[in-house]
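Sequence order for the protein chains is A and B. First residue of the first sequence? That's 1 in the numbering used here, and the numbers climb one at a time after it. First residue of the second sequence? That's 1 in the numbering used here, and the numbers climb one at a time after it.
Number of protein chains: 2
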Amino acid sequence: MEEKDIKRAGLKITQPRLKILELLSTAPDRHMSAEEIYRRLLSNDEDIGLATVYRVLTQFEAAGLITRHHFEGTQAVFEISSEDHHDHMVCSKTGRVVEFFDEVIEQRQQAIAAAHGFKISGHSLILYGEFTQKADES
Amino acid sequence: MEEKDIKRAGLKITQPRLKILELLSTAPDRHMSAEEIYRRLLSNDEDIGLATVYRVLTQFEAAGLITRHHFEGTQAVFEISSEDHHDHMVCSKTGRVVEFFDEVIEQRQQAIAAAHGFKISGHSLILYGEFTQKADES
DNA sequence: ATGTATGCAAAACATTTGCACCTGG
DNA sequence: CCAGGTGCAAATGTTTTGCATACAT
Numbered sequence: 001m002e003e004k005d006i007k008r009a010g011l012k013i014t015q016p017r018l019k020i021l022e023l024l025s026t027a028p029d030r031h032m033s034a035e036e037i038y039r040r041l042l043s044n045d046e047d048i049g050l051a052t053v054y055r056v057l058t059q060f061e062a063a064g065l066i067t068r069h070h071f072e073g074t075q076a077v078f079e080i081s082s083e084d085h086h087d088h089m090v091c092s093k094t095g096r097v098v099e100f101f102d103e104v105i106e107q108r109q110q111a112i113a114a115a116h117g118f119k120i121s122g123h124s125l126i127l128y129g130e131f132t133q134k135a136d137e138s
Numbered sequence: 001m002e003e004k005d006i007k008r009a010g011l012k013i014t015q016p017r018l019k020i021l022e023l024l025s026t027a028p029d030r031h032m033s034a035e036e037i038y039r040r041l042l043s044n045d046e047d048i049g050l051a052t053v054y055r056v057l058t059q060f061e062a063a064g065l066i067t068r069h070h071f072e073g074t075q076a077v078f079e080i081s082s083e084d085h086h087d088h089m090v091c092s093k094t095g096r097v098v099e100f101f102d103e104v105i106e107q108r109q110q111a112i113a114a115a116h117g118f119k120i121s122g123h124s125l126i127l128y129g130e131f132t133q134k135a136d137e138s
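The following block contains the structure:
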């Protein structure tokens, strides 16, 4: 049930917002660019403009509903915010994204920041490479 | 001595290339955007176009001479490649960049990748926040 | 000389914004 | 009904590219 989330953000429940949230919720690997979302909406015969996709994504991000990532390449990708923080592994070949979390890394980051008199407000850790096994869709 | 580096990359020794390399070598915090480099060249009365700055930076990056980073915000920043890998701490207020390296984090990354059948070709770790002490220039 | 580099202007992208019309509550 | 939302086209900001000229070797 996503309507509540949209309402809680102080936004009206509109078709574009519902559709975009639904797309992101059901996307295979949970990470999509604005263009990808736009194209998928088009093929679903939704009449939604690219500008609206960007506006909605920006609003959702401001509301904490989704998170914006800047992986390699030019365009940003978005994912539904999950309760728990995690980092990413991105396959340079297929674009596949896998999430991971490591307590030791998190702790080390804090320790390093403290040692430098730095107060962390956020961080980005991305591993680029390739999956040496199968499982590709993209 | 930088000429050798340019030559080794298979590029001719030209004024723009020398000047840009020199700027990056002597920059206070070693991290500059293409625009910053361009503006500083202008104020040094160098007659170099922005397009050339971008072209040279891209060539230097391809040659491994410099590294391109995508910190918060829109434009990429560049730094002279150092022998030893390091990650970054970026001050959201002043833009100040501090480098760090942590063996434990590096090892954990490898372990995590291995556990996922992932071969790392590169990674990006950036801490965003603020320095709680003094020392700001920007 | 001669293949590379460069400067300039125009193009290419990703993203944002202005504005008149539409729509949800 | 009416503030907020949307589509479209135009604007923006960053980076790239085409092309004629200039330079390094």
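Glycine included, every Cβ here is placed at the ideal spot set by N, Cα and C. Remember, it's a predicted structure, so these values are computed and weren't measured experimentally.
Inset, instruction - Using 10 angstroms around the beta-carbon of Ala62(A), count the other beta-carbons present and answer buried if the total reaches 16, otherwise exposed. - result: Position 62 of the first sequence, counting from 1, holds the residue named residue 62(A). Per the 10 Å Cβ criterion, exposed.
Inset, instruction - Using a Cβ cut-off of 8 angstroms (strictly closer), state whether Asp136(A) contacts chain B. - result: By 1-based counting over the first sequence, the position of residue 136(A) is 136. Its pLDDT being 45, under 50, Asp136(A) is placed unreliably by the model, and nothing is read from it.
Inset, instruction - Report the rounded CA-to-CA distance for Glu137(A) versus Leu41(A), giving the unit in angstroms. - result: Numbered from its first residue, the first sequence carries residue 137(A) at position 137. Numbered from its first residue, the first sequence carries residue 41(A) at position 41. Legend: pLDDT at Glu137(A) = 41, less than 50; position of this residue unreliable, no value from coordinates given.
Inset, instruction - Could you check what DSSP says for Leu125(B) in three-state terms: helix, strand or coil? - result: Counting from one through the second sequence, the residue named residue 125(B) turns up at place 125. Note: Leu125(B) maps to strand in three-state DSSP.
Inset, instruction - Tell me whether Ser138(B) sits in a helix, a strand or coil according to DSSP, three-state version. - result: Numbered from its first residue, the second sequence carries residue 138(B) at position 138. The predicted model places Ser138(B) with a pLDDT of 38, which falls under 50 and marks its position as unreliable; any figure quoted below should be read in that light. DSSP places Ser138(B) in coil when its eight states are reduced to three.
Legend entry - Nearest-angstrom Cα separation, counted from Thr14(B) out to His123(A): Stepping through the first sequence from its first residue, residue 123(A) is reached at position 123. Stepping through the second sequence from its first residue, residue 14(B) is reached at position 14. Approximately 39 angstroms between the Cα atoms of the pair.
Inset, instruction - Have a look at Val90(A), Phe118(A) and Lys12(A) and flag the residue whose alpha-carbon is nearest the alpha-carbon of Phe60(A). - result: Stepping through the first sequence from its first residue, residue 60(A) is reached at position 60. Taking only the C-alpha atoms, the option nearest Phe60(A) is Lys12(A).
Inset, instruction - Please report the Cβ distance between His70(A) and His70(B), rounded to the nearest whole angstrom; I am assuming they are in contact, meaning their Cβ atoms lie under 8 angstroms. - result: Reading the first sequence from its first residue, position 70 is the one you call residue 70(A). Reading the second sequence from its first residue, position 70 is the one you call residue 70(B). With a Cβ gap of about 5 angstroms, His70(A) and His70(B) count as contacting.
Inset, instruction - Report the neighbours of Val98(B) on chain A: residues whose CB is nearer than 7 angstroms to its CB, in chain order. - result: On the second sequence, position 98 is the one that residue 98(B) refers to. The contacting residues are His116.
Inset, instruction - For Phe131(A), go through chain B and note every residue whose CB falls closer than 7 angstroms to its CB, in chain order. - result: The residue labelled residue 131(A) in the question sits at position 131 within the first sequence. Gly117 and Phe118, listed in chain order.
Legend entry - Beta-carbon proximity list for Ala34(B), same chain, < 8 angstroms, skipping 5 on both sides: What you label residue 34(B) is simply residue 34 of the second sequence in a count that begins at 1. Closer than 8 angstroms at the Cβ level, and outside the excluded window around Ala34(B), lie Leu50, Val53, Tyr54, Leu57, Gln75, Ala76 and Phe78.
Inset, instruction - Using a Cβ-Cβ cut-off of 8 angstroms, state whether Ile66(A) counts as contacting chain B. - result: Here residue 66(A) refers to the residue found at position 66 when the first sequence is read from its first residue. For Ile66(A), the answer is no, since every Cβ of chain B falls outside 8 angstroms of its Cβ.
Legend entry - C-beta contact flag for Leu127(A) and Phe118(B) at 8 angstroms: By 1-based counting over the first sequence, the position of residue 127(A) is 127. By 1-based counting over the second sequence, the position of residue 118(B) is 118. Cβ atoms of Leu127(A) and Phe118(B): closer than 8 angstroms.
Inset, instruction - Return no unless some Cβ of chain A is closer than 8 angstroms to the Cβ of Ser92(B). - result: For the purposes of this step, residue 92(B) is identified with residue 92 of the second sequence, where counting begins at 1. Yes, Ser92(B) counts as interfacial toward chain A.
Legend entry - C-alpha distance - Ala115(A) paired with His85(B), whole-angstrom precision: Locating residue 115(A) in the first sequence gives position 115, counting from the first residue. Locating residue 85(B) in the second sequence gives position 85, counting from the first residue. Straight-line spacing of the CA atoms in Ala115(A) and His85(B) works out to 19 angstroms.
Inset, instruction - Kindly indicate the opening and closing residues of the alpha helix (DSSP H) around Ile112(A). - result: Position 112 of the first sequence, counted from the start, is the residue given in the question as residue 112(A). Note, Ile112(A): alpha helix (DSSP H), Glu103 to Ala115.
Legend entry - Neighbour flag for Arg150(A) against chain B, beta carbons, 8 angstroms: No answer is possible for residue 150(A): it lies beyond the span of chain A, which begins at 1 and ends at 138.
Legend entry - Residue-chain proximity (Met32(B), chain A), Cβ-Cβ < 8 angstroms: Counting from one through the second sequence, the residue named residue 32(B) turns up at place 32. Met32(B) does not count as touching chain A.
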